[in-house]
Structures are given as structure tokens and as C-alpha cells.
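Protein chains in written order, with this note's numbering: chain L, 24 to 548; chain R, 24 to 548.
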């Protein structure tokens, strides 16, 4: 399958522009096959207008039809076979097994949203029946449910070239909700993006969806701005850096009609080790922690970049166990040259902050863009004085913050910025000593883990992958799991409608068999 | 009960500032008792810091305790008796029966949120149990639910001095969610605000809530800015003008940590009369329409300011019936001098737009700030060319837009801005002729009415009082009804937690007896 390098505008390949970019193998620096033409303003407008035109037809499709479309996307992605894996490996430096796993996850989440559509209760139907005899005024019949917002722009992530890119979580949840999607391909894996965009377009055609339901454009900052500022756009999904995420948020907020931006930006994902656990079992978790810090060369949003504990019994043993694990970890190829350069300079800057010492470095390897593991340490007193120490260092490093005593732990929690996750290790004794710690941590993160490690985000109904700013620009939602569908909907009420004019989910006889709140009670169908 | 004019800062009366405002009776222009001291920066900071300090204790209260607090607020408001009604009448010009009804609604919505808390399912508990034997990786146990965001600022509306002011819908939903509230009193009814703030503080004390759970400050633009920019604030609820709402939105979006702003701004609430209905029954609705247009001197967010129909059989009869109803409507006292002046100048400006003719004016009355009813007409062709005709004229007027033919109706719908409501009158024949009209209108409004009139917003579980921009700054929620609680919460997931450390709503045995989604299925307790 050769790489054509074109934009996919509503099912049609298009390359009207003159600017081109190419992809590179981060491990070798080699330029890869294909020249990708950045979208012109006209192409971007075409994509948005086609999305708006497709919206009416797409939102009226039945749940079954939309589910069929989502499943077909998964089938078409699977049908790309090793071609897709090979291209993704070349563009990202990620290993085959990881990318095969990620493909499974991508197809799995499309299917999971299909299941959510078929089950149907996600529309949160609420019915308050009329009370014509109520005094002083009769009560009208009011029924409400969620409907889709409209065209959604998705900015794929560099670190999940499949599961959080062209057909990733944001695309799956927006399409499930009934919204057309325009993806801005990540310039770090444009060939992978092109292959997946072709799969989505093929699925749309096969399942008789309007062609404008999906477009993908290549571009940089300029093209992103045009996309976000287009008047028909109704929401934005983004995963990436704080700087880019905030820029998109600001742009969307300054529109004549502001629109929601779901930007997942950065997080240091603190791991707390409470004193009694540290003393009795601290060393046990060193190997697992090292594995989580260095997994995928530390390039996960949920990478644990901060370990908060106390300088009490067990700390030396914990660090003496963790250090060699870090030292024995070979460096790995990072996603691209920019990410690798940022890792090195951010790590150097961190090591130079007052009070920070480097405890261990991993093994160097040959090859370009190799990220080397690192373990650093600082006192809680220094941490509390230096906001810079909370900045995410995207890569395989972690900073251990040790407080003088247990009291400083609470201060560190209070000083923490918003996070995607917070993990806690404690014994029964610890939770007697810190009875409020879970409640405090819940103020700071979207997901709390009792033990284990934050990397590896389960795609399930209960998952929350989100959290207070600056982890995301909107803590009210999740980007992973089926609850992500709520990002792209709004409620609408129907008052005193005849049954025949109501949407199926709100009809009296409940033809879809969905859970509904009827006269104040949630009712099982 | 004498008016003290002070700010209520976490249960303590405070008037450290030097600037004062007074209230006026709009019907007479008379200055009313009491001088209200604007809050200083220090007082605003005190209120916010007290709110943040109270948040930990308040969010840990049980549902029963928070419900008791909400009910106690209602009881304390009721206990104010005629003192409250009298002051509200003097400050707003609204009649006694209306204000007594509004008080009932205010108490009713506090009680309704108490019921929501006691029922408990609003936290949307989701449970995905562990699958330790799953391959290739075991599935963790993941459980999620909603938790409160933190301190919320509420800006009361001038047109609902009780139900959308100090203890109104926004305050009730934020307190129900577990968020402390800081109200900025509306300068048009500061005495009413003071009385209600006293009731809330008394209720907080009586039910043993932390004092910082509620504060109220007097102020203008400067004080509003300080409030919205304070770092501990997590959300804003607002009802008022487009200009003020957008300014608060912009301010909140520009914060280092952006926060959600739920601003309900303006809406012309179009009423559509389809051709067959117009021909056969149009005149029937003229009296009711006039009543809705002029109810409360047209000072409802849901006032029908636009009637869209066709210049076909029945139009003359409809207008000839509607005109005299408007003519026979006596003018009424508007809420304040500013609102009355704006009504008169906006109405004059509207009458001067190309193609607009004034069909009828209501009866003048003596007294100050009297709003006179008005009926205007324009062609759909003019309407489609002139965006100015969509601007809300806040007061008792309505503009009839008549299309040449049915085709222009669709163009008018497509051109409409976002609305709180859209009302439709049609016969079975009409809905055969316009099969997609409901779907089209759903894109433009938060609530669709089949017949009836949009004024009068039922407080119920299914209500949606919201809609696409510029009706609100966030179409994803409602400001009326129990679903308003979702404005002030975010989801948090708990992974692999022992049962004893989970919040009650997520414990295995479901001690609260709430609806939960367990392993993909919603389960009745």
C-alpha cells in the first residue's frame, strides 16, 4: 500500500496546497516514504462544510446504524494488517507488540461505543408526565434527552498513534454521539494517520454514512487555527502539550460563539507512599514503579513522574532498591526528535533546581533520540518552594519528594496542581493516621489508585481519564471509557409533544427499552 | 425587620468599605430604606477563603445533612413572611401574587434538590468489577461517581428576585452538589437579597454547616471581576444580559486556571405557526400569545419575542385578533429604570429597521418606568437580511415574521441564533409537509414546545432551561430542574480500592440504595 500524502476531505482525496511535510524514523532519522500536503484554507472549509451538511443525515441515523459504522471502522483498521503496524513502528519508534496491543485497544473502544449505542441508555432520558389537575397550575409533560452538538475537531496525540489519534477515543466518542469529525493528523505520524483515515472513509462508504461525517487534514499551527475558528465547529478534542492545548482553548474561548475544548495536557501523576507502608513494604514496589516510569520510554500521559513519601524508616531501602532498577533500564527510542530534545533539556533543568539530586541514570544505548531513565530526589521543603518541580518532564524519569515528617505530606498534596491520576500506598495503620487523605487526593485528580501503577488506562464504563486543570481544560469529563460520549452532547427538552413526534427514547412505550427517569424514579425497562 | 446594608461574609455581617448604593422603587422612583456597602477586596477574599475552608467539611456532609440544610433554607425564607414580599415588591415593581408564587417556587426547588440528594442516584455511580483472570492483562476494579467542583459564584437575575437570585436555582444546585456559594447580590434588589442571605446564614447555623458555605457580597463590575478571578473559585452561575454574561465568560476563560461559566443571557424564543394551523386555528392562540408576551411586563427569559409564520391564508385574521389584545394590555412597571429605558430605545430601534412596521401598541399608564406592549411585523426576506432583528428586546413586545411561502420558514430556522425555547403550532397536515422541522428546531433551542407558550418554566427532573449560544455560554447543561446539579460536579474514578475506603455510593453492597451501572448494565437497587 503506497502512501499518497493527501488530505481526506469528506471521502475524497485532495492535495490542493503546496506545502509538504515528511515523516521520519526517530530511531535512525531516516526520511520515510510519502510527502504530505498541508491542507489549504479552502480544503479546511470544504471539510467543515461537508461535516455540517452531513450532520443532519448522520444524527438521524439509528443507534444500530451508527454502531454498524463504528464496528466497520474497526474491521477496516484490522484489515490494514501489518501495513499499518509497520508504518506506525517506523514513524514512532514504538515496538510491534505495543502497537498491535494499541490496535486491539483502538478497535475495542470503537466496539465498546457500538455496544453503548445499542444499549441506548446513555441518552439519559428523563420523563415528567403531565399533571393536568395540579393546582394552582397544571404540570406540563416534559421529556428530555441528550442530542449531539455538531461537528467536532480532533487533534491526535503523538504518543498513541492509534488509540488516541485518527480513530482514537475522541473520534470514537464523537461519532458515537452523532457528531461528524474532522481530524488534524499529528505531523509525527502522518502515514499512520493516512492509513487509518482511509479505513474510516471506507467504513463510512460501506455502511452508507454521509461522506462528510469524517475528514482528515494535514497541517500545523496555522491550519489548526483555521479549523478551531470555523463557525460550524461545535467542540474540540485534544491530547498533547500544555502549550498547544491552552492555545486551542484560548482560541475557542475567543470565538464569537465559544465552544468547549477538551484538552488533555500534562500530569506528573504522583505516587504517595505513606510512612508505615514505606517502613514495612516500600522496597516491594520498587521494581513495579521502575517499570511504570520507563514503560514506553516514559511516554504515557499517566507516567508517574513524582513519588511523594517521608524521610522515615524504609526510605533508604526503597531508594537503594529502586536505583539499580533504573540503572539497569536501557534507553529507548522516543517518539520524535522534538520530544527527545525536550526530555533531555527538561531533565537537565530539573536536575539543576535547588535541592535536587540525581540518584540514578539508566543505561545509554546507541541510535538517535534515545531517552535514558533517571531517578531524582528533592526534599518536600524544596518542593513546596519551587513550583517548577511540578512541571511534567515527558519521558522515563521520576522525582522522589521526601518530607521530613508526615505533616509535610498534607502540605505537598495541598500544593499539587490538577492531575490525571494519584496513586496511594498505605497500610491499615496509615489510613488510620491519615483518615482524610483520599478525600484530599480526590480534589487533585481524575483517578485515584489504591496501589498498582497509573500507566495502563482501562477502557471501561467507569473509567475517568481527566482531572482538574492543568491536567485538562475541562475536568467535567473523561477522554477514556464510554462516559466520554457526554463530551459531545447537550440536553434538549420536549414539552407537551404528541407521542408520534417524540424521539424513540422518549416515547411512552419505551420502544428502545432504555433506562429512564420517570416521574422522579429511575426505571428499569 | 430593618435593613442593615452589610455584606454577609461566612455568617458574619461586614461593611468595611466606603462606597454605598441604594435601592429604588421603580414605580415611583422613591429611594428605599437602607444603604448597601459594596464589598472591599479584603471582604471578597475573606468570603472566598472561607468558602474554600468550608468546602472540605461541607463536601463530607452526608446527603441527609445537605438535604436538611436545603430544607432549612426554605423554612427560613418562608419564616421571613410578608417582610420579604413587601421589600421585593418595592424593589422590583412585581405584584404580590407573582412574588408569593415565586417564593413558593424558590422553596420548592430547594426541597426538590433535597429530594434528589436523598434519592442519591444523581452521583451516577459506575462500577466495573475486577477480572483478575482476563488475558492478556487482568482488568482492574474501577468505580466512578460525581464529586463537587468547589466554591461557586452566583450572579442573581433582576427578573427573578427570589427564584433566580440569592437562594435561587444556581445556589440550590451548587449547594446540593456540595459546593460552597458566594452570591453577588443584584444591585436592583439589594434589600431582598439581604433578607434571603440572612435566611441562608441562619439555616447554615441551625443545621451545623460550616459558616463559609455561604457568603453574599454587594458590588458592581469591579467586585464581580475580583470574585471571578479569585483562584479558589471553580465555577460561575449567571443570569442576565448578553454583555455582562459574555464579559464574565471571557474573564473566567482568561484565568490562569479557566473555570466553567454558566451564563444564561438572552433569547427571543421563537413561536412557529405552520401554514395549515394558521389557516384553520391561528386566531385561537392570539389571546394566549398576547398573555405570554406581556406576562410580567414581558420580563421573562422565555418571553416570546418572535412569531414566525407565513403570509398565507389566516394571517390577517390572526393579526387582526392579536392586535386588539395587545392594544388592550395596560402598561406595567418594569424592574428598574435601566431596563425600562433599554426597552424603549431597543423597541424604537427595532421599529426603524428596514421593513418593520408597528401593528399595535398597548395602553399607556401613569407612573414611572412603565413598559407598553407592542406588536411589530416584518417580512421573512427582511428578517433574513438583518441580523439586528434577532436581538432580544427585553420587555412586552413581539415581532411577527411572515414568509412569502413555506420554504422561507426553513431559511428562517437555519438563520436563527441559539435559543432557550422554540414553540411550534402545527396540524397533522403541517407535520406531513415539514417532516424534519422538529429535528431542525432541536438544533436551535434547549426546549421545544408543542403548542402552549414558553413562559412558565416547570421545575422538574426533565426540564432543560438552556440552549446553544448566545442563549447561554454552555449548552451542555440546564439552569432549571434537578439536572442543574451536573453543572457543579466532575467525575472521579477509584481503582482497586478496598471497600472500606470507597465512598458509600460505590461500595459493593450499595448501602445508599442508588441506581448504578455495574459491569455495563444499569441496575435497580
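Cβ atoms here follow ideal geometry from the backbone N, Cα and C, with glycine treated the same way.
Give the interface partners of residue i over in chain L, defined as CB-CB distance under 8 angstroms, in chain order.
i	result
residue 134 of chain R	By Cβ distance, chain L contributes nothing, its closest Cβ being about 12 angstroms from residue 134 of chain R, past 8 angstroms.
residue 486 of chain R	151, 165, 167 and 516
residue 272 of chain R	276 and 281
Check each candidate in the options and name the one with the smallest Cα separation from residue i.
i	options	result
residue 140 of chain L	L:195, L:429 and L:264	L:195
residue 332 of chain L	L:431, L:234, L:320 and L:311	L:431
residue 310 of chain L	L:294, L:282 and L:344	L:344
residue 181 of chain L	L:360, L:202, L:35 and L:63	L:360
residue 502 of chain L	L:271, L:339, L:187 and L:291	L:187
residue 513 of chain L	R:509, R:116 and R:193	R:509
residue 171 of chain R	L:467, L:474 and L:494	L:467
residue 351 of chain R	R:277, R:314, R:197 and R:338	R:314
residue 234 of chain R	R:491, R:130 and R:77	R:77
residue 515 of chain L	R:465, R:540 and R:547	R:465
residue 377 of chain L	L:189, L:411, L:243 and L:50	L:411
residue 44 of chain L	L:160, L:305, L:108 and L:212	L:212
residue 166 of chain R	L:439, L:399, L:174 and L:504	L:504
residue 456 of chain R	R:226, R:59 and R:297	R:297
residue 271 of chain R	R:243, R:293, R:294 and R:292	R:243
residue 565 of chain L	L:101, L:118, L:143 and L:114	Any question about residue 565 of chain L goes unanswered here, given that chain L covers just 24 to 548.
residue 82 of chain R	R:458, R:232 and R:415	R:232
residue 415 of chain L	L:450, L:404, L:292 and L:472	L:292
Assign residue i to buried or exposed, taking buried as 16 or more other Cβ atoms, counted over all protein chains shown, within 10 Å of its Cβ.
i	result
residue 462 of chain R	exposed
residue 348 of chain R	buried
residue 25 of chain R	exposed
residue 491 of chain R	buried
residue 427 of chain L	exposed
residue 339 of chain L	exposed
residue 380 of chain L	exposed
residue 106 of chain R	exposed
residue 420 of chain L	buried
Strictly below 7 angstroms CB to CB, what residues from chain L border residue i?
i	result
residue 472 of chain R	518 and 519
residue 239 of chain R	Residues of chain L passing the Cβ test: none, with the nearest at roughly 25 angstroms.
residue 307 of chain R	The contacting residues do not exist; residue 307 of chain R stays about 16 angstroms from chain L at best.
residue 170 of chain R	465
Got a sec: does the ligand MG put a non-hydrogen atom nearer than 7 angstroms to the Cβ of residue i?
i	result
residue 291 of chain R	Ligands displayed in this structure: none; no statement on the ligand MG is therefore possible.
Run through chain R and tell me which residues come within less than 8 angstroms of residue i, C-beta to C-beta.
i	result
residue 448 of chain L	Going along chain R, no residue has its Cβ under 8 angstroms from residue 448 of chain L, so there is no contact; the nearest lies around 11 angstroms.
residue 462 of chain L	79, 82 and 83
I want to verify the contact list: residues of chain R whose CB lies under 7 angstroms from the CB of residue i, in sequence order.
i	result
residue 496 of chain L	281
residue 492 of chain L	280 and 281
residue 483 of chain L	151 and 165
residue 538 of chain L	545
residue 587 of chain L	Outside the modelled stretch of chain L, which goes from 24 to 548, sits residue 587 of chain L, for which no answer is possible.
What residues match up with residue i in a beta bridge as DSSP calls it?
i	result
residue 45 of chain L	L:58
residue 30 of chain L	L:37
residue 545 of chain R	R:540
residue 448 of chain L	L:296
residue 171 of chain R	R:512
residue 239 of chain L	L:31 and L:206
residue 420 of chain L	L:397
residue 402 of chain R	R:425
residue 285 of chain L	L:260
residue 148 of chain R	R:539
Applying a beta-carbon distance threshold of less than 9 angstroms, which residues of chain R neighbour residue i?
i	result
residue 108 of chain L	The premise fails here: residue 108 of chain L is roughly 17 angstroms from chain R at the closest Cβ pair, so nothing lies under 9 angstroms.
Checklist line | Cβ contact check for the stretch 391-398 of chain L and the stretch 290-307 of chain L: 3 or more pairs under 8 angstroms | finding: no
Checklist line | Segment contact, 8 angstroms Cβ cut-off, at least three pairs: the stretch 70-84 of chain L with the stretch 236-249 of chain L | finding: yes
Next item on the list: Spell out a yes or no on whether the stretch 87-94 of chain R and the stretch 145-153 of chain R are touching, meaning 3 or more CB-CB pairs, one atom from each, closer than 8 angstroms.
Entry: no
Margin query: Check whether the stretch 128-142 of chain R and the stretch 97-105 of chain R are in contact - that is, three or more C-beta pairs closer than 8 angstroms.
Written below: yes
Notebook entry, point to check: Would you call the stretch 517-535 of chain L and the stretch 199-208 of chain R touching, i.e. three or more CB-CB distances under 8 angstroms?
Noted result: no
Next item on the list: Kindly confirm or deny that the stretch 396-408 of chain L and the stretch 151-166 of chain L touch, where touching means at least three C-beta pairs closer than 8 angstroms.
Entry: no
Item checked: Stretch-stretch touch, CB-based, cutoff 8 angstroms, three pairs: the stretch 210-230 of chain R with the stretch 517-525 of chain R -> no
Next item on the list: Give a yes or no on contact between the stretch 437-448 of chain L and the stretch 473-491 of chain R, applying the rule of three or more CB pairs nearer than 8 angstroms.
Entry: no
Check: Are there three or more Cβ pairs, one per stretch, closer than 8 angstroms when the stretch 48-64 of chain L is compared with the stretch 265-279 of chain L?
Finding: no
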